[in-house]
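Participant: Using mature numbering (1 follows the signal peptide of the UniProt record, and there is no 0), the letters of the sequence shown map in sequence onto residues -35 to -1, 1 to 299.
Yeah, the Cβ is synthetic: ideal placement off N, Cα and C, and Gly gets one too.
Predicted, not measured: the structure shown is a model, and the values here were computed from it.
Take this structure first; my questions come after.
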Amino acid sequence: MPDAVSTAKPTRLHAVWRTLALTLFAGSLAATAQADDSDVPSLAGKRIAISMTGTSHYFDIKAFQAQVDEVKRLGGTPITLDAGRNDKNLVNQLQTVVTQKPDAVIQTLGTLSVIDPWLKRISKANIPLFTIDAPSQYSLNNTTSDNVATGKALAGQLIKDAGGKGNILVFNGFYGVPVCAIRYDQLKLALKDHPELKIIEPELRDVIPNTVQDAYSQVSALLNKYPKGSVSAIWSAWDIPQLGASKALIDAGRTEIKTYGVDGTPEVLELMRRDTSPVGAVVAQQPALIGKTAVQNVARYLAGQRDLPKETQVPTLLTTAANLADVQKLRGDN
């Protein structure tokens, strides 16, 4: 989402969002991302390690590029590392970070059980550690979306569209990634009040790489098993599996089933434009603003600000066909 919303004046931002009827907001104002660049300290002479779990899809790419651009804009030197979504590579990458001794580290995503021992080593080496979508106990600040609100909103839209009854196919292959777990937990919590809506067992497992193709194949195979009227929705914690599932539904002529996911990848939003689109809703994140905000938090910390919140939340946007154009305009997609 290039150049996300300016939040220099939070009250003005909230008024705009209320006008657009976009219902997700980010926590308290104290922990809400600020896009006022005027008071951000310089990073001149500082080396900032930007450690990416991967850069294979829209969120990754936008968050990564925003971090690099902001470090450079503030006069610092970015050290970029990309594990290619391979846990072994990621562990080696974090080990390398310790030996390089940068002035700060920003780790984007990762399964906590894999990365936490190495984040601990970075912290013990007295290297200031920051994270994106990885709420580690060793992180000084984690920049993220409000994933509780995101999960609630997505579940609420699914329940509304399904009329509170039916069967749901769920992709749940990355529960070890905290943001995915939070979103899935919110779905299950919401379904407790709607006993006529049930998750089909066994759950589907989304994979990396080849996420779109694999989701397409899994859903295509299951459509032969479940005739029309037996499935109401397909849910995923991010929208790359949603993209594959949606394409399978279109090719099978099964657009009575709606899909739901998180991120706001452009290809998914474009599918939403179609008449009789199977894309029911997407909660659009702002990865460019997330990446930029994380770097600004690093700059403030290195300049002596020690009262940063443990978590900085960036607003998300519940997106349906009804407000798609507004969301794309607000994110700067058009």
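Quick check: what's the CA-CA separation for ALA264 versus TYR149?
Facilitator: Going by the C-alpha atoms only, they are around 33 Å apart.
Participant: Give me whichever residues DSSP pairs with VAL162 in a beta bridge.
Facilitator: Position check: residue 162 holds Leu in this sequence, whereas Val was assumed. GLY131.
Participant: Just to confirm, is the Cβ distance from PRO243 to LEU214 under 7 Å?
Facilitator: Yes, these two residues count as a Cβ contact at 7 Å.
Participant: Got a sec, what are the start and stop residues for the alpha helix (DSSP H) VAL56 sits in?
Facilitator: Taken as a continuous stretch (DSSP letters only), the alpha helix (DSSP H) holding VAL56 covers 52 to 65.
Participant: So, for LEU236: in the same chain, excluding its five sequence neighbours on each side, which residues have a beta-carbon less than 6 Å away from its beta-carbon?
Facilitator: Contacts found: SER211, SER242, VAL244.
Participant: From VAL177 to THR76, what does the alpha carbon distance come to, in whole angstroms?
Facilitator: For VAL177 and THR76, the distance between alpha carbons rounds to 21 Å.
Participant: Run through DSSP, which three-state label would LEU201 get?
Facilitator: Looking at the sequence shown, residue 201 is not Leu but Ser. In the structure shown, SER201 sits in a strand (DSSP, three-state: E or B).
Participant: With which residues is ALA213 paired in a DSSP beta bridge?
Facilitator: Paired residues: none, contrary to the question.
Participant: Going by alpha carbons, who is nearest to ARG12 out of ARG239, ALA48, VAL63?
Facilitator: When each option's Cα is compared against that of ARG12, the closest is VAL63.
Participant: Given a threshold of 16 other Cβ atoms within 10 Å of its Cβ, counted over all protein chains shown, does GLY141 qualify as buried or as exposed?
Facilitator: Exposed.
Participant: Under 8 Å: do the segment 225 to 239 and the segment 65 to 79 share three or more Cβ pairs, one atom per stretch?
Facilitator: No, the segment 225 to 239 is not in contact with the segment 65 to 79.
Participant: Can you name, in chain order, every residue of its own chain whose Cβ lies under 7 Å from the Cβ of ASN54, other than the five neighbours on each side?
Facilitator: Excluding residues within five positions, the ones whose Cβ falls inside 7 Å are ALA48.
Participant: As an exercise, report each continuous beta strand (DSSP E) stretch of at least 3 residues that is fully enclosed by the segment 87 to 118, in chain order.
Facilitator: Segments of the beta strand (DSSP E) lying fully in the segment 87 to 118: 94 to 97, 106 to 110.
Participant: Using DSSP with H/G/I as helix, E/B as strand and the rest coil, what is PRO206?
Facilitator: Residue state, collapsed to three classes: helix.
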